[in-house]
Amino acid sequence: MSNKAEILAEYEAAHSELTQLETNAGRYAGTATATQTSNLTQKAHHLSEQCDQLKMILEAIEASED
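Going by the working numbering, the first residue of the sequence shown is number 1, and it counts up by one from there.
Have a look at this one:
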């Protein structure tokens, strides 16, 4: 069960970071350089993939508990 809790905590942290990054991206839209924009885009993509993978793991854990 602690494994599920750890994965859930990791998912929540990644999702929170992704949400914050997306919120801040709008603020930087007019002032960010191409490199900064590229870095933000890459980080957002990585976090999105991480969230998707963790969500799939959590769904599999929940399905196995039923």
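C-beta atoms are modelled at their ideal positions from N, C-alpha and C, and glycine is treated no differently.
| Asked | Found |
| --- | --- |
| I need the boundaries of the alpha helix (DSSP H) containing Asp52, first residue and last residue. | Ala34 to Glu65 |
| Grouping DSSP H, G and I as helix and E and B as strand, with all else coil, what is Gly26? | helix |
| Can you tell me the Cα-Cα spacing of Thr31 and Thr23, whole angstroms? | 15 Å |
| Could you tell me which of Ala9, Ser38, Leu8 and Ile57 sits nearest to Leu21, measuring between CA atoms? | Ser38 |
| Does the distance from the C-beta atom of Ala14 to that of Gln50 stay below 7 Å? | yes |
| At the level of alpha carbons, what is the spacing between Glu6 and Asp52? | 16 Å |
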